[in-house]
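Here's the structure, in structure tokens; my notes come after.
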Amino acid sequence: MGNIAPIKMELAPTASAVTAEDRRLFPIYIQILDLDSAGKCWKETTRKLLEIDPDEDSAAARNLYESYLVRAKWMCETGIKTICSDKNASFEHWVVHILKSAINAGKILKPETQNLDKWAHKEVRRLTDQNILRADPSLSQKACEKILLKQF
2 MGNIAPIKME
12 LAPTASAVTA
22 EDRRLFPIYI
32 QILDLDSAGK
42 CWKETTRKLL
52 EIDPDEDSAA
62 ARNLYESYLV
72 RAKWMCETGI
82 KTICSDKNAS
92 FEHWVVHILK
102 SAINAGKILK
112 PETQNLDKWA
122 HKEVRRLTDQ
132 NILRADPSLS
142 QKACEKILLK
152 QF
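Residue numbers (our numbering): 2 to 153.
Below, the structure written as structure tokens:
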């Protein structure tokens, strides 16, 4: 049947956390969801996207398709939140470091608290929630410090 490869792909990941394989397969997940929402037949999607022939082993092909569809839905409903929260956590830690450095350098008055780290995280979350700070890759350390100096 043309250049359709026989079924040899593995089932989609089933881990409870986003895997490196999920990140690699994310474009395929999006396309599977698009084709599914457009009402395309699972066999057509399997041929086009997974490049396997569902006529070779219909049950195995259907099982493979279903595993990718289920994982695609999971990624959009749950997995993507994990990816976003990971990036937000990294951003928060980066800003906390800048805030604490500014306090230690005497640029910002040290708050009256026993736990500077806890206070700094709370304040950074507050500034993020108020959209004063955003996880923007183009935000430099100097620009971030300038925003913090205006706030404190």
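We put the beta carbon where it would ideally sit given N, CA and C, even for glycine.
Given the structure is predicted, the values throughout are model-derived calculations rather than measurements.
- Residue 152 holds the alpha-carbon nearest to the alpha-carbon of residue 104 among 90, 152 and 91.
- Annotation for residue 34: 73 place their beta carbon closer than 6 angstroms to its own, counting only its chain and skipping 5 residues before and after.
- In summary, residue 31 is exposed, with fewer than 16 beta-carbon neighbours lying within 10 Å of its beta-carbon over all protein chains present.
- Judged by DSSP in its simplified three-state form, residue 99 adopts helix.
- When the five nearest sequence neighbours on each side are left out, the beta carbons in the same chain lying within less than 8 angstroms of the beta carbon of residue 108 are those of 146 and 150, in order along the chain.
- For residue 148, the enclosing alpha helix (DSSP H) has its first and last residue at 142–152.
- Looking only at 93, 10, 68 and 16, the smallest Cα-Cα distance to residue 53 is reached by 10.
- Going by DSSP, residue 74 is part of the alpha helix (DSSP H) stretching over 59–75.
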